[in-house]
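Chains A and B, in that order, are what the protein sequence lines are.
For the first sequence, the working numbering gives the first residue as 319, with consecutive numbering after it.
For the second sequence, the working numbering gives the first residue as 26, with consecutive numbering after it.
Note that the Cβ used here is the ideal one computed from N, Cα and C, for glycine as well.
So the structure is just underneath, and the comments pick up after that.
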Amino acid sequence: MFEARLVQGALLKKVMEAIKELLNEASFDCAHSGILLQAMDNSHVSLVSLNLRREGFDKYRCDRNLVMGMNLSSMSKILKCASNDDIITMKAQDNADTVTFVFESPKQEKISDYEMKLTNLDQDHLGIPETEYSCVIKLPSAEFARICRDLSQFGESIVISCTKEGVKFSAAGDIGTANIKLAQTATVDKEEDAVMVDMQEPVTLTFACKYLNMFTKATPLSPQVCLSMSPDVPLVVEYKIEDIGHIRYYLAPRIGD
Amino acid sequence: SKEQQFMKVYFYNP
């Protein structure tokens, strides 16, 4: 028996918005410790890693490890039926071929359930190597989304260049060039407004706008985003999901541009 | 593409 009840059901709706453009389908690995999802995007240039810890759920029960292959377009249709203030429960029997989503309104006057067929996914096993990053940049997630959107008008790629002074985002194309520099903030009223750079050595890498823009669909999940870069390894774009976990996107740098 | 190959090597052979 698997059952996970999330009082802040809106978080699950936001998670779905953050992954559904990148992935058509994915396996949710449910274990005693929580729910894990790892999958390459449809074109195998980026990887999504989602971690929801059991402690973040109001109620969590997982008697046996369970792999639930879900069609994300179907799951998204179902989650659209939940209101933002609904409590969402996911449940499945051991070895079941369906998963049930139950939506409870806050005052319990409306309870809906939706059963969805699971799919058998033949997914490759992925390993995420432990990496020390040369640069770790924290910035407001809305600012990062804005930068990706603005620079996408200039070209297909964004160059991210990190030095101890700050971080520079650049793009170039037919209409011209664009540079956005963010300095480390000295003092801020709110921590979520801060730009922080932790740099061991300067790094400059180029990434596809298309994917960075898809990652920014996670912006509603967190006020801050963390970018980790090292030469010759994928960029990590991480959004914390309150006290429950995180979503990380890994993106290959452009090679041979 | 080279990027696909890069990701395959990085994540499939940790």
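CA-CA distance, residue i and residue j?
i: residue 362 (chain A); j: residue 425 (chain A); result: 44 Å
i: residue 499 (chain A); j: residue 29 (chain B); result: 30 Å
i: residue 567 (chain A); j: residue 430 (chain A); result: 32 Å
i: residue 609 (chain A); j: residue 527 (chain A); result: The first residue shown for chain A is 319 and the last is 575, placing residue 609 (chain A) beyond what the model contains.
i: residue 432 (chain A); j: residue 540 (chain A); result: 28 Å
i: residue 435 (chain A); j: residue 413 (chain A); result: 12 Å
i: residue 340 (chain A); j: residue 532 (chain A); result: 7 Å
i: residue 352 (chain A); j: residue 367 (chain A); result: 13 Å
i: residue 370 (chain A); j: residue 492 (chain A); result: 43 Å
i: residue 469 (chain A); j: residue 534 (chain A); result: 13 Å
i: residue 530 (chain A); j: residue 443 (chain A); result: 24 Å
i: residue 420 (chain A); j: residue 408 (chain A); result: 7 Å
i: residue 345 (chain A); j: residue 27 (chain B); result: 26 Å
i: residue 561 (chain A); j: residue 401 (chain A); result: 21 Å
i: residue 479 (chain A); j: residue 546 (chain A); result: 12 Å
i: residue 372 (chain A); j: residue 378 (chain A); result: 6 Å
i: residue 501 (chain A); j: residue 451 (chain A); result: 20 Å
i: residue 418 (chain A); j: residue 474 (chain A); result: 40 Å
Using the DSSP secondary-structure output, state which residues sit across from residue i in a beta bridge.
i: residue 417 (chain A); result: A:434
i: residue 568 (chain A); result: A:365, A:554
i: residue 320 (chain A); result: A:380, A:410
i: residue 371 (chain A); result: A:352
i: residue 563 (chain A); result: A:370, A:559
Would you mind reading off the limits of the beta strand (DSSP E) that contains residue i?
i: residue 454 (chain A); result: 453-458
Which stretch, first to last residue, makes up the alpha helix (DSSP H) that contains residue i?
i: residue 336 (chain A); result: 327-337
i: residue 396 (chain A); result: 390-397
i: residue 33 (chain B); result: 27-37
Exercise. Is there contact here, the region 504-524 of chain A with the region 453-473 of chain A, by at least three beta-carbon pairs under 8 Å?
Worked result: yes
Problem set entry | Length-filtered (4 minimum) alpha helix (DSSP H) runs lying within the region 476-558 of chain A | 527-533
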